[in-house]
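Start counting the sequence shown at 19; every next residue gets the next number (my numbering).
Built from N, CA and C at the ideal position, the CB exists for glycine as well.
Written out below as structure tokens is the structure these notes cover.
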Amino acid sequence: MNIEGKAWRTIWLEDGGKSIGVIDQTRLPHNFITCSLSDCDDVAEAIANMVVRGAPLIGIAGAYGLMLALIEDPSSESLETAFQRLIETRPTAVNLRWALCRVFEKVKTLPVCDRAEAARSEAELIAEEDVRMCEAIGEYGLGVLKKLAYSRPIERQKEPLNLLTHCNAGWLATADWGTALAPVYKAHRAGLNIHVWVDETRPRNQGASLTAYELSQEGVPHTVIADNAGGHLMQHHQVDAVIVGSDRITSSGDVCNKIGTYLKALAAFDNDIPFYVAIPASTIDWSIRDGLVDIPIEIRSGMEVTHIQGQYVSSPLSSEPELIRLCPSGTEGFNPAFDVTPARLVTALITERGITSATYKGLKRLYSDVEI
Ligand code: MRU
Numbered sequence: 019m020n021i022e023g024k025a026w027r028t029i030w031l032e033d034g035g036k037s038i039g040v041i042d043q044t045r046l047p048h049n050f051i052t053c054s055l056s057d058c059d060d061v062a063e064a065i066a067n068m069v070v071r072g073a074p075l076i077g078i079a080g081a082y083g084l085m086l087a088l089i090e091d092p093s094s095e096s097l098e099t100a101f102q103r104l105i106e107t108r109p110t111a112v113n114l115r116w117a118l119c120r121v122f123e124k125v126k127t128l129p130v131c132d133r134a135e136a137a138r139s140e141a142e143l144i145a146e147e148d149v150r151m152c153e154a155i156g157e158y159g160l161g162v163l164k165k166l167a168y169s170r171p172i173e174r175q176k177e178p179l180n181l182l183t184h185c186n187a188g189w190l191a192t193a194d195w196g197t198a199l200a201p202v203y204k205a206h207r208a209g210l211n212i213h214v215w216v217d218e219t220r221p222r223n224q225g226a227s228l229t230a231y232e233l234s235q236e237g238v239p240h241t242v243i244a245d246n247a248g249g250h251l252m253q254h255h256q257v258d259a260v261i262v263g264s265d266r267i268t269s270s271g272d273v274c275n276k277i278g279t280y281l282k283a284l285a286a287f288d289n290d291i292p293f294y295v296a297i298p299a300s301t302i303d304w305s306i307r308d309g310l311v312d313i314p315i316e317i318r319s320g321m322e323v324t325h326i327q328g329q330y331v332s333s334p335l336s337s338e339p340e341l342i343r344l345c346p347s348g349t350e351g352f353n354p355a356f357d358v359t360p361a362r363l364v365t366a367l368i369t370e371r372g373i374t375s376a377t378y379k380g381l382k383r384l385y386s387d388v389e390i
């Protein structure tokens, strides 16, 4: 997707494949900075500190992290240590485990001299597949958005189609295109009149900083709202549909996503507004059924709640982000990073293979080739 008119991906190979380049997402939207990750530890730290974030992207980064570990030391011990180090960085998004397992399985029985190269081609394949899956989600989602736009009463059809999204499930969260935002980009490029309500997404504000940044760069009309405003807008017919991504969906269709998603699903349900979840195959955890019981929820530092990061308005040229304390010093914060939306609140899933219900039957209809 575009930054200042130039096409970028979020992750790339550098230095003849000896390091990887990423966009430092902790510095957006005020500073566009790229950085090099040259060993497995760099990658693990970048994932844990959310320099790279978003379920598909941390999977891809993890895959490259294994490659870097194997360049340094291709032994089985090094492979296992790197796998463990990377998988422990963030527990909720299943894409990380999925990608690490793919590379691990690919290389584990190979002669040590072939492992780094095999890891590199698998990681590249994972990244390329991610781009293709996300673009396909965009195409299917475009169909959904067109249907929504044209099924409105004729007198409303000149108005923009108002979508609401939570967190950042755009191209910054993937290799390219995004999941929930891919249909938005496709629709915008197809000339559909759309407008996106962007939840700020406390505590880390991925909506206010990353989604707003992406949509600005692509010229998509959008407005940032306080997380608590969504229900009010829905009650006043200012939201036509909600569209979000996911970090892990169970085989029965329970959706885990950024904290606060569940409340939006409840409000959408109460107001008869469709609630769509866009997911690639890498986000489905076929091994579990009950999202509330089986999905590990990452608990992040309470400081992300008691403090906020931003740029001083009075010195906008300062490139360093400032940390501001919101609470009395000594007050503690509690910070579960994700929540689970039960399948019954999800109108439909938008996948790279088409649209389906958030049920085992619906998922299995699209993924009949997956062995469980
Ligand atoms: O904590 P983050 O920023 O990694 O959380 C990201 C999300 O919750 C996204 O909505 C999710 O990964 C969807 S991915 C396109």
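If you measure from the CB of residue i, is any heavy atom of the ligand MRU nearer than 7 Å?
i, result
"Val388", "no"
"Arg115", "no"
"Met85", "no"
"Val257", "no"
"Asn275", "yes"
"Val260", "no"
"Pro201", "no"
"Ser264", "yes"
"Ala111", "yes"
"Arg71", "yes"
"Ala187", "yes"
"Thr197", "yes"
"Ala355", "yes"
"Ala191", "yes"
"Pro292", "no"
"Gln327", "no"
"Gln224", "yes"
"Pro74", "yes"
"Met68", "yes"
If you run the structure through DSSP and keep just helix, strand and coil, what is residue i?
i, result
"Ile261", "strand"
"Asp217", "strand"
"Glu167", "The displayed chain sequence assigns Ala, not Glu, to residue 167. Looking at Ala167 - three-state DSSP - the assignment turns out to be helix."
"Glu32", "strand"
"Lys276", "strand"
"Gly72", "coil"
"Cys152", "helix"
"Val388", "coil"
"Pro360", "coil"
"Ser305", "coil"
"Thr268", "strand"
For residue i, is the classification buried or exposed, using 16 other Cβ atoms within 10 angstroms of its Cβ as the cut-off for buried?
i, result
"Ser227", "buried"
"Asn20", "exposed"
"Ile317", "exposed"
"Gln235", "buried"
"Ile390", "exposed"
"Arg343", "exposed"
"Gln175", "exposed"
"Gln224", "buried"
"Asn113", "buried"
Which one or two residues does DSSP pair with residue i in a beta bridge?
i, result
"Asn180", "His213"
"Ala341", "First, the amino acid is wrong: residue 341 is Leu here, not Ala. Partner(s): Gln327."
"His240", "Val214"
"Ser96", "None; Ser96 has no bridge partner."
Let me see if you follow: with CB-CB separation under 8 Å, is residue i close to chain D or not?
i, result
"Phe356", "Absent from the structure: chain D. Only one protein chain is present."
The region 263-279 contacting the region 297-316, beta-carbon criterion three pairs below 8 Å = yes
Is there contact here, the region 148-160 with the region 30-44, by at least three beta-carbon pairs under 8 Å?
-> no
Cβ pair count under 8 Å reaching 3, the region 322-331 against the region 273-290 | no
Counting pairs of Cβ atoms below 8 Å between the region 213-229 and the region 175-191, do you hit three or more?
-> yes
So does the region 107-115 actually touch the region 53-68, counting three or more Cβ pairs closer than 8 Å?
-> yes
Please confirm if the region 128-146 is in contact with the region 357-370, defined as three or more CB-CB distances below 8 Å between the two stretches.
-> no
Say whether the region 362-373 touches the region 156-166, bearing in mind that this needs 3 or more beta-carbon pairs closer than 8 Å, one atom from each stretch.
-> yes
Within the chosen definition, does the region 122-139 reach the region 86-94 through at least 3 CB pairs nearer than 8 Å?
-> yes
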